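Enquirer:
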Amino acid sequence: GGSGGTAATQPAATSPQGSAGTPARDKLIVAIPETPTYVDPHIQATIGTFRVVTQIFDRLVELDADMNLVPTLAESWDIKDATTTVFHLRKGVKFHDGNTMTAEDVKYSLERCIASAGVNYNYLIISEINVIDENTVEIVTSEPCSVLLYRLTLDAASIVSKAAAESTSDFNAAPVGCGPFKFVSWELGGDITLAAFEDYWAGASPIKTLVFKTIPESISRTVALETGEVDIAYDLSATDFATVEANPKLKMATTTSGTVWYVGANVKDPILSKKEVRQAMAHAINKQDFITLTFNGNATDASNTMMSPYLMGYAPDLVTYDYDVEKGKALLAEAGYPNGFSCTLYVQDAQIYKDASVALQEALRQIGITVEIKSMDGATFTSATSKGEHQLFFMSKTSIDPDSMLRAMYSEDSLGASGNRTFYVVPEIDQMLDEALATTDSEHAKDLYKQIQAIVAEDVPLYPLAVEYLNVGMQSDVNGFKLYPGKTHYIYGTHIGE
Amino acid sequence: MADNILEVKHLKKYFKTNRGTLHAVDDVNFSIRKGETLGLVGESGCGKSTIGRLILGLHSATSGEILFNGQDICKADAQQMHDLRRQMQIIFQDPFSSLNPRMSISEIIGEPLIIHKMVSSRAELDKRVLELMDVVGLSQRLENSYPHELDGGRRQRVGIARALSLTPQFIMCDEPVSSLDVSIQAQVLNLLKDLQAEFGLTYLFITHDLSVVKYFSDKIAVMYLGQLVETSASDELFRNTLHPYSQALLSAIPEPRAHHKMQRVKLTGELTSPINPEPGCRFAKRCLYAAPYCTGQDPTLQDFGDNHFCACFRAEELRKEAAGIEE
Amino acid sequence: MYKFILKRLFMLIPVLLGVSFIVFTIMSLTPGDPVQLYLGDNYSQEAHDQISEELGLNDPFLIRYAKYVFNALQGDLGNTYSTKRPVTTEIFARFPATVRLAGAALFFAIAVGMPLGIVSAVKQYSLTDNASMLVALLGVSMPNFWLGIMLILLLAANLGIFPASGDAGFKSLVLPAITLSANSLATITRMTRSSMLEIIRQDYIRTARAKGLRESVVVFRHALRNAMIPIITSAGLQFGFALGGAVLVETVFSWPGIGRLLVDAIKLKDTPLVLGLVLVMAVSFTVINLIIDILYAFFDPRVKAQYK
Amino acid sequence: MNFMTTITTTTIVKRRKKKSQFVMVWERLKQNRLAVAGLVILSVIVLAAIFANLLFDYEAMAVRQNASIRLNPPSSEHWLGTDEVGRDILARIVFGARISLPVAFATILIAAVIGGLLGAIAGYGSRTADNIIMRIMDMFLAIPSTLLAIAIVATLGSSIRNLLIAIAVSNIPPFARIIRSSVITIRNEEFIEAAQAIGANDRRIIFKHILPNAMAPMIVQATMCIAGSVLSIASLSFLGLGIQPPTPEWGSMLSNGRQYIRVAWWVCTFPGIAIMLTILSLNLLGDGLRDALDPKLKN
Amino acid sequence: MENLLEIKNLTVEYHTQGEIVHAVNGLSLNLRQGESLGLVGETGAGKTTTALSILQLVADPPGKIMGGEIFFDGVDLLKTKKSLLRSVRGNKISMIFQDPMTSLNPVYSVGFQIAEVIQLHENCSKEEARRKAEEMLEMVGIPKERYEEYPHQFSGGMKQRVVIAMSVACSPQIILADEPTTALDVTIQAQVLELMNDLKEKLHTSLLLITHDLGVVAQVCDRVAIMYSGEIVEQGTIPEVFDHPAHPYTIGLFGSIPTLSMESTKLTPIEGQMPDPTELPAGCNFSPRCPYARAECHSKKPGVTRIPGEATHELRCFALGWEQPDETLMEVIKRGR
Ligand SMILES: Nc1ncnc2c1ncn2[C@@H]1O[C@H](COP(=O)(O)OP(=O)(O)OP(=O)(O)O)[C@@H](O)[C@H]1O
Ligand SMILES: Nc1ncnc2c1ncn2[C@@H]1O[C@H](COP(=O)(O)OP(=O)(O)OP(=O)(O)O)[C@@H](O)[C@H]1O
Ligand SMILES: [Mg+2]
Ligand SMILES: [Mg+2]
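Protein chains in written order, with the numbering used here: chain A, 1 to 498; chain B, 1001 to 1327; chain C, 2001 to 2308; chain D, 3001 to 3299; chain E, 4001 to 4337.
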């Protein structure tokens, strides 16, 4: 990293934006690893997409960096009954096209979201959206839903301008929201440019131009930071942290994410259906080593739960599986496989999967399980695992609410493609999930979630291994940037210089 | 005629060029009897090699027939052609470019034997190749040499040995001895003669050396710009030259004697291009005896007795004139 | 010659039909469901049905292909599955960048490779020969991305001469072009050397020398033209491949070309996009190869005679 | 029939031992120092690959992960250092040769033979044959090799053999074009006419007369292709086609190691050097062979 | 007259795999200004190699000029600078190659190849060079319309004429003509030889004419040198050599020519084969085939002697010095031809 540091003493004028010395630097360039597919929030939810979309649109409520709900377009809300919530909208909020945001827009936006197959899975529970008056809107769910507010913080729940969306056939080419930045241009395959929205309800951003630049290779993102070509770069490789930190011109921010990586077992498989086998496997894995090998240390132990610490009902280490090869072997023998067995491990064809699969293979080898790694492209992987062709598989899941996480992982509702690729079904868990969703008593819900976690921690149909860290590198004069665990980050609030 | 090994009828070969059609061979008729040698002489570029190539099926004729033992070469399929090539061979005019630079001398000479399965073993092949090399006077030392290591004369002898290897019935010799010194030339010509006597070989013999032609051929055909202008028995032609071009040709032979300056007929006048030629005698522009009626219409070969044919409108006239003067 | 060109262009039709059919078959026979990829990890069966109806995936294979061909004939290559934009829009937004990169790389490869090859052929076994061959070998054996990263670290990160990423003007073209050209440069250098070596010993080179021509004229005018055919063939191939997109170089330098688009499209089973890209490549290759074939005739009159 | 009966010949002089083409080429090759160097390097690599088992314990050195020694620089214990999961790089390189070398050779062999043949037929045969073959080649050039690999693996299953087929198939068209380009000039030479005149059939003309004269570009293309095929194994195994971890393989070692390039240069440098040495030696050998096959250079 | 070209003791070898071909062995030769010298000899005698050595065009590898000097205008061409050599080549000394078919560049039109040398040495414009090249083509009997055609469209003789046109185009001081008329019919041959004669008369061009056609030598040359196995075995003026050939090889050579007046059906070649140039005999190179050879011929190399009574007639043979001359040989020499 020293070399980067010495070069940095050169004036940063080498950066294309030049004007390093001038105090009024108001253009911010953000390097993102993947290009968004859409800038319309209601089509598809991918990380590439919402890194940009978040800046253009606002939602009714928002999560802050500590995962607390904060009012946004809704100034306040009342929970009328178990299924009905009333939102009081902020007045005088302007869309980029100059129109004022009203309850109609909210209704329109949420209905638009529900109508879109790509993003609606979290919102199908909403049965009615009623406009009470211009600034009041009521959302009714078909069943009690304690996590509704959390879901409304997601990009899919972005509020779009009804007028704009109805008047154009291609909203994606000219999105209009009421967020802090408005859309300017998008060169396919190239940069996306946004501009500060001067009439933003919370005040215009000091960053006047915001550019998202796709730089897929992590090392190139680091270099772009070093050369000053970009101001912020997401997802640096852990191997570059030291370099960046050593560079006085740069700084880093990290936080734990809501993304949990796990290894799953297909419980329909005759061998893997045995709990002892799965437990034996858990004993064979040295999670610390695994994190070092797979994430270069850039993650933390998942504590045998799929929930991340921010989530309601987070209950770590209810059952623990120490790294203990002997115990693992004993369990295997108990299950009837004293000499181990061989099985397949399905992974996708990206580096992290590959690293993880090799580490898992090595771990399981210690207790006599021969793992054959089958890596495949994403398309094949999703379809194969949703059909249950696999024995073991390695995957991750991100969630910001306990229900969607646990339901996707362990419920009968989501067998196969919807998330439950272990095909693990316990009616009790399904009941508890429904109950937790319905209750308005959060303590009760927490308790239920804890119980579920306890069951699955014992059964280990899937073994949570690591919670990924999020990181971002930036120029040291970039201030105010907050890293959110949910992978969406608000640029608003960021400024350059003091 | 049954004993004609080769009959060429109305043979034409035109090449397309940028500036028009080049009449390389234009309506040529002749035949060769088994065991005979036909000498083909003519101005450089008049189409001799092209005729040779056509006979061997290396060019496809624009029109006409080439009957080899009664079989039309122009219509032969691949298998027939393969069999025909066992019977007829060619010695190329250019001894160097017709040899594969990546094959050694013995490989080149032995190849026809392998192709036509004329030898049954490696040893037999080697033996035959060495015999052939010996026959044409190539020392054994050269068997592993490559063509570029040889001098011009030896290259030519490699080509000859290759043609002889199949002991064909007919050999098309395109200036086979041009690069040989007279001693080797004598050796090779003797060899060809001996083979003819022994096996009844037939030759179509293209050369510029008229003394060789006279020595070697039974019949001679004289060509000018794609057409035959005179054919006759060899002695007869030298004795009784009819066509003005043939006369010019014969007068230009240099004699290998000191103090002997030749009296050649100088050809002057505009060169006729073979590209899109106009009808009429193609020699007319350079002919000492040309008359106005020589152009406009193609002359045809006419019989002057003794199997002596000549394509000249004024041949009869000139013959009488010449006879008159001599009298 | 015009007839020749027309005939060859006419043959684009069967080529395009053939390619599209093959690709269509591959795309539909290989596992993986584009709808699933489109919807992500969580979705309902209704959503799946709805999307696959939208994308027209419910028809039988042949009907889908026929529809595709029918639309394609009218210039409509469909919309991509992933972005829903017209395939042509997606491709042509990136194609110019690809052409620029490929062109620059080819230019660099030829401008450096041919002289190197010539010099080492003329001075066979000399130090120059060995040195330029070493350069060529480094070029070919150094994996693209590796070279790219090295260049970035050295020239962008440490010296700051060139930008590390993106497509903004000439400066940003330099590093990716050099990286991409490394392989072609090596191939062209060696092709040049080896075919010059064949030619330089021909008799007509001796003739040229006998005329008293300067060695450079002998080499460039008399030898090079004869040696050109294999050289332009391999240059054409390299250019074709570069036009098909240079995934690794594009990744390392964040170059907005079609290479990554293609790889992503394949991974996402975005059939219309893959088809569109392959068709573009088929056209490129056909046209390049046609140009190369015409160049053959330009360089060698004997080949020209064959085209008549 | 025999001329000898009628013609007096000079006595046959002592026969020099006739050497086979192979022996002659070998002798010429031996005189080329660079080619010999290439041969030596290649032999070392091949031998190391063959006797890899004797040199290293596969399980312990090349497969077993050891988080405590990850990314160790070259030392007396691990000559070339360890990789990101603590495996010995030297051992992995040596075992990797067992995959990379055969795949590279086999693909080139297949591609050169089929591509060379198709190119020769296209260049020498009729216009129609030329058009058909070359247009099919155009088609295959246009189909991305990853797609081809996916198709082949999807229909034939995933294995090293099928990976090899996939790489070979995508290497055929370039060969065909290169060979065709040489053939269309060589077919105009008079010695081809001469071969026709002695009755050689097309097959013989192509194999005996045309291809030996088209050897030079073929050798260059082949040696160049080797690099490409070693690296494409890597990109294909990335797509999950073919070689699966933890089997060591040069291309994947190289590309996995690239993220450590700044902190642990040895991880991707040494596999890179292994690939380079292989290609270098093959090229030296190829060049030497080219020269040895050229009778004009025999010396 | 001054010697324009003087070759002294030229030795050229070809080094092929394990063998050394002694192509030219200590050859000495003079060529005066305006003189035509015929160089005649058996195939493989080293004629082409000699001519190539003068311009240093012997392929290396495998050819090596091992020793000797070649003076042109007082300068040793073997030791001179490259640039000087270039200004000599094609301009002052030009060469007509033996194999015209491969000596022409297949990818340039024949006209261009002639014009090129003109433009190079005469410093004239493109158009002028073209005009002159067309003129040259006509001069060798090729219609100028065929300027743009390529070598493969030409017949063997036409290519040869192109090569001739190329080498006489710059009116050189010396023309090295290596079998320049083998592919030409006699009328064109006469025309070409006349062209050279014109040059000789007008510009005092010297000609080294390598040929097998003794008729041509008789018509064109002033002197003739007979070469055998890399050496000159006999040289003299045309009458000297043609009327009284003295070397047994020369005698054999004349004996093998077919003539128009000849009636016999069999030609008489010289017996035997040329010696193996990789293993030359210890004595006189011709001794193995020489009908007159005696013991000393097989063991010692003969030197060059002037034939008594003749001005320039030189011979490399022991026979003249024998105390007991060979009757038949003397008979042949005296009788002459
Ligand atoms: N490149 C070469 N490699 C090996 N030997 C060669 C090479 N070139 C010529 N020779 C040999 O050198 C000797 C002299 O050859 P040269 O071409 O000078 O003969 P020449 O007198 O011109 O014969 P010809 O009249 O047949 O052309 C011959 O024995 C020939 O085989
Ligand atoms: N492939 C070709 N393309 C175009 N024209 C050609 C071709 N081959 C030969 N010709 C032309 O055909 C005519 C006859 O050529 P051919 O080679 O038959 O002459 P030739 O009688 O053998 O002459 P020479 O005695 O000089 O060898 C010439 O004008 C020549 O230019
Ligand atoms: Mg001819
Ligand atoms: Mg010669």
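Glycine residues also receive a C-beta, built at the ideal position from the N, C-alpha and C atoms. As the structure is a prediction and not an experimental result, all values here were calculated from the model.
1. Sort A:I367, A:A117, A:S308 by Cα distance to D324 (chain A) and report the nearest one.
2. Nearest to A3049 (chain D) by CA position, among D:L3039, D:P3102, D:S3252, D:L3163, is which residue?
3. Does the beta-carbon of W2146 (chain C) have 16 or more other beta-carbons within 10 angstroms, so that it is buried, or is it exposed?
4. Who are the near neighbours of S404 (chain A) in its chain, counting only those whose CB is closer than 8 Å to its CB and skipping five residues on each side?
5. Among D:K3296, D:P3217, D:Y3260, whose alpha-carbon lies nearest the alpha-carbon of A3120 (chain D)?
6. Where the beta carbon is closer than 6 Å to any heavy atom of ligand 4, which residues qualify, in chain order?
7. Using a beta-carbon distance below 7 Å, is S237 (chain A) in contact with chain D?
8. In whole angstroms, give me the CA-to-CA distance for P3074 (chain D) and T3247 (chain D).
9. What is the rounded straight-line gap between the Cα of L2268 (chain C) and the Cα of L318 (chain A)?
10. P3144 (chain D) CB to nearest chain C CB: under 7 Å?
11. Taking only the alpha-carbon atoms, compute the straight-line gap between M4274 (chain E) and Q4173 (chain E) and give it to the nearest angstrom.
12. For A1248 (chain B), which residues from the same chain have a beta carbon less than 6 Å from its beta carbon, with the 5 sequence-adjacent residues on both sides left out?
13. Any beta carbon from chain E within less than 7 Å of V2303 (chain C)'s own beta carbon?
14. In chain order, what residues have a CB nearer than 5 Å to some heavy atom of ligand 3?
15. Whose C-alpha, out of A:G177, A:A173, A:L194, is nearest the C-alpha of F183 (chain A)?
16. Which residues bound the alpha helix (DSSP H) around D1083 (chain B)?
17. Just tell me which of B:H1059, B:Q1093, B:K1009, B:E1131 has its CA closest to the CA of C1173 (chain B).
18. Where does G343 (chain A) fall in DSSP's three states?
19. So N3188 (chain D) contacts chain E; which residues on that side make the cut at Cβ distance below 9 Å?
20. Hey, quick one: how far does the alpha helix (DSSP H) through K1012 (chain B) stretch, first residue to last?
21. Look at the alpha carbon of L483 (chain A) and the alpha carbon of Y492 (chain A), and state the distance between them as a whole number of angstroms.
22. With 7 Å set as the bound, which would you pick, yes or no: does the beta-carbon of F3207 (chain D) sit closer than that to a beta-carbon of chain B?
23. Establish whether the CB of L2155 (chain C) and some CB of chain A are separated by less than 7 Å.
24. At which residue ranges does the stretch 1257-1282 of chain B contain complete alpha helix (DSSP H) runs of 4 or more residues, listed in the order of the chain?
25. When you measure from the CB of A1333 (chain B) to every non-hydrogen atom of ligand 1, does any distance come out below 6 Å?
26. Determine the extent of the beta strand (DSSP E) in which Q4235 (chain E) is found, giving its start and end residues.
27. Which residues in chain E sit within 7 Å of S1211 (chain B), going by Cβ to Cβ distance?
28. Distance check for V4117 (chain E) and L2073 (chain C), CA to CA, integer angstroms please.
29. Quick one: any contact between the stretch 2105-2114 of chain C and the stretch 185-201 of chain A, if contact means 3 or more CB pairs under 8 Å?
30. Tell me whether H4247 (chain E) sits in a helix, a strand or coil according to DSSP, three-state version.
Expert: In this structure, then:
1. A:I367
2. D:P3102
3. buried
4. N122, V147, R151
5. D:P3217
6. B:D1151, B:G1152, E:K4047, E:T4048, E:Q4098, E:D4178
7. yes
8. 22 Å
9. 39 Å
10. yes
11. 34 Å
12. V1265, L1267
13. no
14. B:S1049, B:Q1093, E:S4155, E:G4156
15. A:L194
16. 1078-1087
17. B:Q1093
18. Checking the sequence shown, residue 343 (chain A) turns out to be Cys, not Gly. In this structure, C343 (chain A) counts as strand in the three-state DSSP scheme.
19. P4106, H4152
20. No alpha helix (DSSP H) contains K1012 (chain B), which is instead part of the beta strand (DSSP E) from 1004-1017.
21. 12 Å
22. no
23. no
24. none
25. Since the first and last residues shown for chain B are 1001 and 1327, residue 1333 (chain B) lies out of range.
26. 4231-4237
27. P4258, T4259, L4260
28. 56 Å
29. no
30. coil
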